[in-house]
Every structure is written in structure tokens, then in C-alpha cells.
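Quick notes on the structure that follows.
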Amino acid sequence: MSSSSTVPPDVAQAIALIQAAYAPPSSATPAAIQAVQGLQVQLLTLQRTPASWGLILPLLAFPGDANVQFFGAHTAHAKIARGELDSLTEEQQIGLRDALLEAAGVTGRPRVVRRKLYAALGALALRLTPGNGASEGQWPGWVQGTVEVLVRAGEPSAHVHEFLAGAAEDVSGANLLPQAKIEMIDSLRSAAQLVLQSIGTVLAASSSTQADPDPAALPAALACLTAWLPAGILPGQDIARLVPPLIALLPNPSSPTPTDKIKSEAAAITLCELLGRPPAAWGARVLLEPLFVWTARAFAFISPGNSEDESLDRRYSPHAPPPDAARALRSSSKLLVALGEAGVEWVAGSIVDPTRVALTDASVAGTSQMGMEAQGPTRGFLARHFLRVMLALTAVDHDDEDEDEDEEGDSALGFWYLLQEALWEIPEGNEYEDDGEDGEPKAESPAQKARAAHSTAAYAALVRVLRSKVVWRRGWGKERVEKFPAFRRDVGDTLVNAYYVLRDDLLVFYVADVQARIDAGRGWEDVEATLHCLRAVHEALDPDSAGATPALSILFGPQVFGRLPAGYARVRRTALGLVDTYSGYFATQPPAALGAALRYVLGALTDAEPGVCLQAALALRSLCDANRRALAAQIGAFAEVHAGIGGVPDSEKAKVLQSIASVIQALPPTEGIAPVEALVGPVLQRLGEALGAAGMHPEAAQQAAILQLDMLTGIAKGLTRATDVMAFDDDDGGGVEGAAVRVAREDQRTVAIREALFQAIARVAELWSADAEVGQALSELFRAITALPADLTLLSVPAQPLLGVVCRAAGRRLTGVWLALATILIAQLNPPPMILALQAAPSAEVEACVQSAMGEIVGSVLGVLGAPGGMVENPDIVQEFFACLDRVAQDFTTAFCALPDGAFDALMQCAISALALQERYSLVAACTFLGTFIHRVALYAPISSEQLKPLQAHMIRVHGRAIMRALLCGFAGAAPRSVTSNLLELLAALVTRWDENVVNEAEGRSALGGGGARGWVPSVVFADDFYPSRAGREAKERFVKTVVSSRSVKKTKEAANQFVIVAWGLEGSSFGYSSVSSG
Amino acid sequence: MPSTFYEIYRGSPLGIALCDSVDDYVRSGEITEELGRIVLAEFDRALADAMANIDARASIKGHLRTYRNCDDVWYFSLRDATFKMHNKQTVSTSRVKIVACKHGDAVALDLGVDPETGEVIPGSRRGKRG
């Protein structure tokens, strides 16, 4: 080995650079950091030079400095991986291979250097091993060859296995062509026996009782096995031979010698991997049954003695395991969870299976201590024992507050979900005693009954365990508190699975539990936990049968809800959430059933705790919404609630008003007028006051106005019927109820309310037209007060006048919000019919309204977007503007004909310019609008010879080529590649709608020829000023030829897509296809 | 190199923006196609990890029109769907397509290559919940 004094000057210089760059920083000053960064840049630059090939070996041979050696290995790896190997001749490549192998054979290198060197060898093998067509690769048998060098050099088996693990990982992660991939996998396959033999030797040595000379050998060997598993090239029957010694390494309480923790952990990790991806031919006897036997042996304390003789309930009854047992369970939790996941179907199918399992060598030891017969336990025993183990694991899971996060095992909760599904999926085949008559339910076999009894007992124990797991504990640390909601939710999911097994028994158990705890005056935490469990299972309840469950009437009656612990916010929030969740249940009960729950909710509305108040408002809203008719009889009580609304926090007032309004909605409409007046009047009055105070206190007035707008929105939402509008079948006016609402709307009082509401909206829009928050509040209100005819309420305001308000606001200050509102209102003006046959054209009045609105909107928008940089700086306006135009094009196509002189051409130029925007949403909106507009105009032109036909001809003559040019430039790269699909749709619209006849007619040519819009493509693509791209003349000709000659839209789109790839310079590259995203 | 994670998030607004940016860099020669691919593969991995750690929940009600399951990827097509978020917010839509797949690394674990054809063979390992 050379010393630093004899190395050539260039190598010495490189060494000095490396040592300076890797030296610990003398200070953290910016100058020092900059100096280190400068050194690193120099090293990287050096590494990229061809001369750096010559540095590799001298650096690897440099004694005593791991950094220098590492940089040598790193340089080799980086240059090979970067593809710089091609700069070497074939002989030099072979020379490099041999030199690296020789360097790998040097013992005593630091781990980091060694691993880098192995990575370099792997990278080199990926380039040298695959052949080149007919010729063979330059490094056949690279795995065996390298192993031979390492063994000959005396490297320990851990190092050899490190190399082997890296080799498998490098091959599986390599980006290779299919043929090269096959050759690399073949190279691994040829070494499979060597790998298995090597792992087996280490495993056998580790299983022996003699002291292990190298503690790192087993973890490295098993890591190697884990790395080789995904490739699927190790024969299944050979891996199977490794299973018994692996299980023998697991903790064994009955063994006289203590278990080696490192070995048992490594074995457990490997077994988890095998459970996750067992070879295809493996049956349960290879891995599952031996592991279940190990479980029964290792956790024999879970079911000691003659527990099989006890009753089912007692047998599964949860009990807190002693601390040592809990620790043992937790330490094996990953393996137990993996075994549960992999073997759940076996467990479900074997619960009552009397077949005995065959004991392997590894599983024989210790069976006598647990009462197993010498010939092996039954499958049923193992399955039932495993259920008890999982119950015990669930009981201790997440218990330890100080649990190290790294050691936290997978949750056992998932097992119960899988088990429930597996129990349902057990085939019913041969278990019936008699076939029964056709169509009649068959009798359950004794085996089925026994299985059902065991699974019911297990899940009954589970719900008791889980209830105790979701009890809130005072004094928890911050981290535990933060994790608790997510854990509770997961427990709730598991309870749903338990409900599918236990059904009403689960409800009965929990309701009796909470009742007993209240009777006994137990801590509020326990009561709250049970209420949470009841809430969690709601989603599984059948709404039709839930009403008949007596347990729920006890729960929501005076026995429970009338006696809940007072003064604890957490209990109140959970109880209110429970009412919210079960609000639909009350609709199936007599109105009196609502009493206790409603009183509880109303009592919490004015609670000082914000969370309680919010939950109460939400519960009230759900309760009133789902029980309108039942509560309408108590409308007087709601008048009291309204009278006391001053005590409700501002943030919840809208919800309370919505609740009251939903009850009012259930009254006959004429009877609802006075209550609505009482609700809306004060809100409008306060809104008027806010408007009046805007000059003096602008900010406070604005916040007050938003609050009142939210309340109006809440009232309007409450007044909207809960019934599905699709249920009305007589007409689209809402049937008898709709007729009654229309009569009530004629009442002078409701007319006055709506007039006052409209005036207030107009003043708000005038005053705060530039304010985004107000715009958002108005947007919500507009959605609530404009409706389909079938959904008309006393407060519904026609869309036409509101559209005028929006247009004037947009004229004062243009924002995306106003344009979005205009889109909504224009859609409301041409509502879809309930029955297609009833489709009627919009009235002339509505047409005129939209035409007028279009004029105002286009004028306002073009004023903003026409300014220099206007489109780029206002992408939200561009997007909403074209979305609005798209709506108009669909429903009121002729409105474009009424635009003032010049406005239409300016609009089209704006849309064409938008096709080159880089902000994709603006571009997509413009593209969509142009496509819709071209389609709609072409569709209606034949029947609108006075308006749309001339408009179409004008578009073709004046803007046709410009649209095509913008489109093709977009393909060539002016537009982002993600909008290609949108541009393709526009191209399809152009070539299908503007065919030869249409274009010739528009351009006044009588003769055939020209090709329509397709005919414009050559002149655009071959123009000198066409967008510069990577597409050469040949590619352009290919594209033009397909577009011009093809009559198929599909082929045209394919040609355009290919043109995009070529124009972006991505032809022949997988990147071009892999990175393309749908628009 | 086929990405070892699902590429579905490339169609999200974030993914589309990233693809467009990478496209620009590749076209201008600032990065190689290989690096572009690595960036996108890293995006697939990062999104899969991030999505696996999201605790948000929503319940969905709607009319199920069609559904299918292929290679552990589920497709549900719903009409008139209402999403009820954990914070009580509700969102309604007339049509929605839901694509559900198990945690992304399941693809990486299951990837195998057919020795005859060199094609990727999807695995059949049971996925995690969710």
C-alpha cells in the first residue's frame, strides 16, 4: 500500500481536497460554510473529468483515511451509474472490473467504504452482464465470481451477505430494457443455490447451542434472504427448509436457554416478510401452522390449564395480562399481526376444526407443558387460542404511554376487520346436514353453529376490550392526547365489524353498560367512552330496523340522556355528537321520543364552552332537519328558542336559525309566513344597520353584514325542502306542496320580505363589490335563495334581477367571484327539465336579460384583460370569464349575436390569445369555451339562418385560421403539454364542424375543394413564423398528410398527439409517454 | 424504469404542474429525461406516503352506477354523490369517479418480472385497509 509521500502529485492534490472537504468544520460562519461548499463543488467537478477514472484505485488504496477510500469507491459508483463507462474501451472496462474486485477483496475496510464498493460492483454488473444482441455479456457469473473473491480473501459471511443483498436490490431497482432485465435475473437465478446454501449454513450455526463467533452473521444472512425474496427466484421448497430453524430462533419460554434478542428479532422480521409474500406453492403446513403452534406455546399463559372446559363467554373474557406477559405480547406484536393478516382465513375456517396438525421439529419442544398431545394440537385449538392471543394483544396495544415509537407494533385492530370478512366468506359447502327444499333456508350444521358461537363470544369480548381502550385518561402527555382521536376512530371502525357479528346484542351491551355506570356514579370518562362506541357503530345500523331496537329508546330516554353527568364538556360534546349522528333514528319513533334529546341539545346551545355550543348547534340542525314534521307541532317552543338566540354565540346563530327554519318548512306554507317574517325581519334590520354604519366603522360594519348574510343563508337553506326533488312526478313544479308554496309567495308579507331581501343584497353588492369575503357570503346566499321551480321557498328570489346586481357589481370592481355568480345565475335561468319532453326554450324576457348581462360582462372583462399583461396577471378572471361564456354558449347561444359592434371580434381575439397562456386553468377554460361555442353554433346554425349562420360564417372568415394557428402552436409547444387533451378536443370540434362545405359557404366559394378547416393546417404549419419546435419538415409533413387526408377524428387526434411528442423533442423516449398527464 | 408507485397523483393539480415544469426543463436541456423520470417517480412515492398518513375521513352517499376491481385498484362511478367531511362540511356533485388503491409501496413489493416476456407481473398480496 502506498503512502501519501509516494503518490503522484495529482492524486495527492485530490486527497488533500477530499480531506479538506470532509474535515469537521472549524466554525459555522457563512464564510466557513461557503468554503466547504466550494470544496465540494471542486470535488464534483473533479469527479466528472475523464481523468478521475485514474483516481479510483489510488484513493481506495490510501491507508488510514476512510473518507478518502470512500470517495474512491463513490467516484467509481457515480461514474458507472452516470453512464460514463462508455468512455472506456472494452479492455479498460474489464480492467476496471478486475481492479474493483481486487479492491473488494481487501479486508478490514470500514463498513461505509465496503458498501459503496459493493454498490459500484453492482452498477458495473448491470452494464457488463447483459449481452449485446448476439454476443454474450462481459461478466457472466458475476455474483458467484464476486462471492468467490470475497471468500478467498477471508471476508466474514456477514460481508458476503451484505454484497448478495445489495446485488438483489440493485437488479430489482434497475432501469433496464426487458431483455437486459431477463439476463440480469438469470444471473441472479444461477446464484440462487449458492445464496440459499450460504444462508442455511449461517442459520444452522445460529440454531446450535454453541456460542456464535460472529453476532452480525445471522442478521446479515436474513437481510440477504429478505432482499432476495421479492425477485421470486429462490425456489419455494428450498426456502421452506429454512422455516423450522427460523421459528426455532423465536422467543421460547419453555426453552432452558434464554433467547438471543438480536437473533429472535431478525428471525421475526424475516418471518413477517415470508408471511407477507409466501411462495405460491406453500400450503398452511409450511409456515402458518408451525407459527400457530409456536404462538400457542409462547403464549400458553393466555389460556392456562383447562380453559377449554369453561363457558364460551368466560373463555374469551378479557383479563389484564400480567406486566411480563404484556411485554412479551408487545415485543412479538409485529409477528402476531403479520400472522393474523396472513392466516386470518385459516383461523376463521379452523375455529371448530378437530383435525390435528403435524408437529415440526421446531414446534415439538414445549408442547407437553401446554397440554398438547404428542401427536399435535387440533387446528380448532390453535385457532381459538390465537383469537385469545389477539384479544390480549388488543387489550395491551397502545397502552404503554412511554412506548418507543420505533418499537410500536402494527395495530391488532386490523385483524378483527379481516376476521369478520373471513367469517362471512367461509364457503357453506358440505357443512349442511340436509339439502332442504329449493328456495328454503337450509338448516345450520352443528359446525356452523359452533363456529358462530365462538366468533360471537370472541367479538363480545372484543367490544368490552375496545370500550376500555377509548376511555379518556386525565394526565396523558401531549403526544398521547394528539394520537387519541385517530386511535378512537380506528377503534370505531373495528366496532363496526363487531356490530356485523353481534348486531343488536352490541347495542344492548353498550346501553346496559352506560346505564349501569350512571347508576353506579362511575367517572364521566367511562360514560363518555361508551357513548363514543355507540356513536361509532351508527353507520352500520340498518335505518329500518334500528327504530325497533328497544336499547336505543332507553339510551335516548330519561334513563340515560336525562341523567348524563353534567359539567363535563367532553361528555356533553360526545352526547351531542351522538344525537347528531342518530338524528334520523328519531324519525322512526313517536314524537315524544325526541323530548330528552331535544332538551339536552337546547340546554347546550348557550354553553360557555365553544366546542359544546358548536356541537349543540350541529345536533339541533340535524335533529330539526330529519324530524321536521314531528317538531312542527312544537313550533311555539322554537319561538322561545328564537327569542333566546341572543345568548347563542354569533358563529352558531346561522345554524340555529337554519334549524328553526327547517321546522317552519314543515308547516303549511301560509302558516309559515309569520314565523319566517319573525326570523328574517330582525336579520334584515341588523343588515340595514350595518350598511348604515359602513361609512363610520367600515370594518365592523362589513363583519356584521357578513354575519347577517350567513344567517339569511341558513334560513334559506332551512326553508328548502328535505324531500328529494326527484320524488315529484306530476310536473316540475313540486306537486301539491309546490302549489301551496306558490300561493303563499303571493302573500303581500312574503312579497315584502323578498323585496327587502333583494334591496339589501343590492346595497351590499354595491357597497362591498371589491371585498372577497362579502363576495363569498353573497355567493352562498345566492345558491340558497335561487332554486329550481320544484324547490321554490318563501324566500326564493328570481335569478334575473340578481344577475343585474352581479353585473353592476362586476362593472364597479371585476373579480372572479362575480363572474362565478353570474355563471350560476345564468344556469338558473335555463333550468334542466325534470322530464326531457318538457324542454322549452327560454322566454324572450330571459333571453333579453342574458343578452344584456353578456354585454355588460364582456365589456367589463375585456377592459381588464385587454390591458398589457391583463390576462397573465388575472388568471382567476380569465378562467371564470370563459367558464361563464361556456355556460352562455350552451344555454343562450344567440346571446353572442347581440354583442355590440366589435365586442364579438375582441372576445374571439381574447379567447385565441388565451390559447397560448401558461396558466393551465385559464387555457383549459378558453379551450373548452371555444369548443362548446363552435359545436353549438354549428348545431343551431341551420335553424337560425338570420343569427347564428351569419355568426358562424363571420367566425370562419375572420377568426378560423387564427384559431387553428393558436391551436397548432399549442401543440408545437406554446402551451403546456398537460393541456394537449383539451387542445385535441378543440381540434376535433374544428375539423368536424367546419368541414369543406361549411367553410366554402362561409368564404363564398362555390367550388368543392379546400378541405375545410383541415385545409388550413399546411399553411399554418409550414409558415415561417410558426412556433419554433423540434419538429422538422419531415415530421410536419407526416402530421399534415394525416390531418388533411384522414376523415377520421381518431386518426387526426393520434397524429396530433404524435406531433406533440416530436415537437417537444421526446420522440423515441419513454419519458414522453410516461410523464404525460391527463388534462 | 416503471414507477414502483401508482402514478395516479400525476393527474392532480400538483402533479400536472410538476409534469409541466419537468417537461420545460427537459425540453430546454436543463435536466435529462432520466432525471425527469426520477423526479416524477419521487413525486409518486412522496404522494403515496403523504396520502397514507392523512387522517381525514369522509363518508360518501350516492347512487353507485358502476364499479370494478383490477389488480387491487378499485373504480367506483357515483351519481348524485354527497361527501360528508369529518368537520361536518358537505359537498355534493352530480357525478364522481373514485379510484381507490392500497398504499403505494404495495406496488413496489409486488413487482415481479416475467422471465419469458420481461413484463411486470402485478402481485396479489392482500393490501392494507383504506
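Protein chains in written order, with our numbering: chain W, 366 to 1444; chain U, 5 to 134. The beta carbon of each residue, even a glycine, is placed where N, CA and C say it ideally should be.
Worksheet entry | Contact set for residue 434 of chain W: own chain, Cβ-Cβ below 7 Å, skip 5 residues either direction | Within the first sequence, numbered from 1, the residue matching residue 434 of chain W stands at position 69. Only 424, 425, 427, 474 and 478 meet the Cβ criterion.
Practice prompt. Please list the residues of the segment 11 to 26 of chain U that have a C-beta atom closer than 7 Å to any C-beta atom in chain W, keeping them in chain order.
Written response: 14, 15, 19, 20, 23, 24 and 26
Worksheet entry | Min CB distance residue 59 of chain U to chain W below 9 Å | Along the second sequence, read from residue 1 onward, the residue named residue 59 of chain U stands at position 55. For residue 59 of chain U, the answer is yes, since a Cβ of chain W falls inside 9 Å of its Cβ.
Worksheet entry | DSSP three-state assignment for residue 714 of chain W, whether helix, strand or coil | As a first step, residue 714 of chain W is located in the first sequence; it is residue number 349 there, counting from the start. Three-state DSSP puts residue 714 of chain W in a helix.
Worksheet item: So which residues on chain U does residue 904 of chain W lean against when the C-beta distance must stay under 9 Å?
Response: Along the first sequence, read from residue 1 onward, the residue named residue 904 of chain W stands at position 539. What residue 904 of chain W touches in chain U: 63.
Worksheet item: So, does the CB of residue 1429 of chain W fall closer than 9 Å to a CB anywhere in chain U?
Response: Taking the first residue of the first sequence as 1, we reach residue 1429 of chain W at position 1064. Closer than 9 Å to some Cβ of chain U, the Cβ of residue 1429 of chain W qualifies, so yes.
Discussion item. Determine whether the beta carbon atoms of residue 1079 of chain W and residue 1019 of chain W lie at a separation below 9 Å.
Written reply: Taking the first residue of the first sequence as 1, we reach residue 1079 of chain W at position 714. Taking the first residue of the first sequence as 1, we reach residue 1019 of chain W at position 654. Contact flag set, yes.
Worksheet item: Whose CA, out of W:1426, W:1233, W:1263 and W:1183, lies closest to the CA of residue 1244 of chain W?
Response: To locate residue 1244 of chain W, count along the first sequence from 1; it is residue 879. When each option's Cα is compared against that of residue 1244 of chain W, the closest is W:1183.
Discussion item. Considering only the alpha carbon of each residue, which of W:589, W:553 and W:523 lies closest to residue 582 of chain W?
Written reply: Here residue 582 of chain W refers to the residue found at position 217 of the first sequence. Residue W:523 is the option with its Cα nearest to residue 582 of chain W.
Fill in: Selection from W:913, W:910, W:779 and W:451 that minimises the alpha carbon distance to residue 855 of chain W
Indexing the first sequence from 1 puts residue 855 of chain W at position 490. Measuring from the Cα of residue 855 of chain W, the nearest candidate turns out to be W:779.
Worksheet item: Using a Cβ-Cβ distance under 9 Å, would residue 30 of chain U count as near chain W?
Response: On the second sequence, position 26 is the one that residue 30 of chain U refers to. Yes, because at least one Cβ of chain W sits closer than 9 Å to the Cβ of residue 30 of chain U.
Fill in: Residues that residue 1343 of chain W contacts on chain U, provided the C-beta gap is smaller than 7 Å
Along the first sequence, one-based indexing puts residue 1343 of chain W at 978. By Cβ distance, chain U contributes 20, 23 and 24.
Practice prompt. Give a yes or no on whether 9 Å exceeds the smallest Cβ distance from residue 38 of chain U to chain W.
Written response: As a working note, residue 38 of chain U is residue 34 in the second sequence. For residue 38 of chain U, the answer is yes, since a Cβ of chain W falls inside 9 Å of its Cβ.
Worksheet item: Taking all protein chains shown into account, do 16 or more other C-beta atoms lie within 10 angstroms of the C-beta of residue 846 of chain W, making it buried, or fewer, making it exposed?
Response: The residue you call residue 846 of chain W lines up with position 481 of the first sequence. By the neighbour-count rule (16 or more Cβ atoms within 10 Å), residue 846 of chain W is not buried but exposed.
Item to complete: Using a Cβ-Cβ cut-off of 9 Å, state whether residue 887 of chain W counts as contacting chain U.
Response: As a working note, residue 887 of chain W is residue 522 in the first sequence. By this cut-off, residue 887 of chain W is not an interface position.
Fill in: Neighbour list for residue 854 of chain W in chain U, Cβ cutoff strictly below 8 Å
Here residue 854 of chain W refers to the residue found at position 489 when the first sequence is read from its first residue. Chain U residues near residue 854 of chain W: 59 and 61.
Worksheet item: Excluding the five sequence neighbours on either side, which residues of its own chain have a C-beta within less than 8 Å of the C-beta of residue 1062 of chain W, listed in chain order?
Response: As a first step, residue 1062 of chain W must be located in the first sequence, where it is residue number 697. Cβ neighbours of residue 1062 of chain W beyond the five flanking positions: none.
Practice prompt. Could you check what DSSP says for residue 90 of chain U in three-state terms: helix, strand or coil?
Written response: As a first step, residue 90 of chain U is located in the second sequence; it is residue number 86 there, counting from the start. Coil at residue 90 of chain U, not helix or strand.
Worksheet item: If we ignore side chains and look at the alpha-carbon of each, how far apart do residue 1251 of chain W and residue 783 of chain W end up?
Response: To locate residue 1251 of chain W, count along the first sequence from 1; it is residue 886. To locate residue 783 of chain W, count along the first sequence from 1; it is residue 418. Those two C-alpha atoms are separated by around 49 Å.
Item to complete: Kindly indicate if chain U contains any beta-carbon less than 9 Å away from that of residue 991 of chain W.
Response: If you number the first sequence from 1, residue 991 of chain W lands on position 626. Not one chain U Cβ lies under 9 Å of residue 991 of chain W.
Discussion item. To be precise: take each residue of the segment 1236 to 1265 of chain W, compare its Cβ to all Cβ atoms of chain U, and keep it if any distance is under 7 Å. Which residues remain?
Written reply: none
Worksheet entry | Top-ranked residue by Cα proximity to residue 982 of chain W, from W:968, W:858 and W:1424 | Reading the first sequence from its first residue, position 617 is the one you call residue 982 of chain W. Closest option to residue 982 of chain W, Cα to Cα, is W:968.
Worksheet item: In the structure shown, what three-state DSSP assignment does residue 494 of chain W receive?
Response: The sequence position of residue 494 of chain W within the first sequence is 129, counting from 1. Coil.
Practice prompt. Leaving aside the five residues before and after residue 1355 of chain W along the sequence, list all residues of the same chain whose C-beta is less than 6 Å from its C-beta, in chain order.
Written response: The residue you call residue 1355 of chain W lines up with position 990 of the first sequence. Contacts found: 1378.
Fill in: C-alpha distance - residue 633 of chain W paired with residue 588 of chain W, whole-angstrom precision
Numbered from 1 along the first sequence, position 268 holds the residue referred to as residue 633 of chain W. Numbered from 1 along the first sequence, position 223 holds the residue referred to as residue 588 of chain W. Near 11 Å, if we compare the C-alpha coordinates of residue 588 of chain W and residue 633 of chain W.
Worksheet item: At a cut-off of 8 Å, is residue 960 of chain W close to the ligand SAM when judged by its beta-carbon and the heavy atoms of the ligand?
Response: The model depicted lacks the ligand SAM and carries no ligand whatsoever.
Discussion item. Short of 6 Å in beta carbon distance, which residues of its chain neighbour residue 840 of chain W, apart from the five on each side in sequence? Order them along the chain.
Written reply: Your numbering for residue 840 of chain W matches position 475 in the first sequence. Excluding positions up to five away in sequence, the list is empty.
Worksheet item: According to DSSP, what are the bridge partners of residue 82 of chain U?
Response: By 1-based counting over the second sequence, the position of residue 82 of chain U is 78. Partner(s): U:68 and U:100.
Item to complete: Out of W:504, W:1353 and W:1147, point me to the one whose CA is closest to residue 1411 of chain W's CA.
Response: Walking along the first sequence from the start, residue 1411 of chain W turns up at place 1046. The candidate whose alpha carbon is nearest that of residue 1411 of chain W is W:1353.
Practice prompt. May I ask which residues mark the beginning and end of the alpha helix (DSSP H) holding residue 610 of chain W?
Written response: Position 245 of the first sequence, counted from the first residue, corresponds to residue 610 of chain W. Residue 610 of chain W -> alpha helix (DSSP H) spans 608 to 613.
Item to complete: Let me know the secondary structure DSSP gives residue 63 of chain U once reduced to three states.
Response: Position 59 of the second sequence, counted from the start, is the residue given in the question as residue 63 of chain U. It is a strand residue.
Fill in: As assigned by DSSP and simplified to three states, the class of residue 1408 of chain W
Counting from 1 along the first sequence, the entry for residue 1408 of chain W is found at position 1043. Helix at residue 1408 of chain W.
Worksheet item: Per DSSP, what kind of secondary structure is residue 768 of chain W in: helix, strand or coil?
Response: Start at 1 with the first residue of the first sequence, and residue 768 of chain W comes out as number 403. Annotation note: pLDDT 49 at residue 768 of chain W (below 50); position unreliable, no value reported.
Worksheet entry | Under 9 Å (Cβ pairs) to chain C, residues found in the segment 1281 to 1312 of chain W | Protein chains W and U are contained in the structure displayed, whereas chain C is not.
Worksheet item: Along chain U, which residues have their Cβ under 9 Å away from the Cβ of residue 851 of chain W?
Response: Within the first sequence, residue 851 of chain W is the residue found at index 486, counting from 1. Ordered by position in chain U, the residues that pass the 9 Å Cβ test against residue 851 of chain W are 59.
Worksheet item: Where are the alpha helix (DSSP H) runs, 4 residues long or more, that stay fully inside the segment 1208 to 1276 of chain W, in chain order?
Response: 1209 to 1230, 1235 to 1238 and 1240 to 1256
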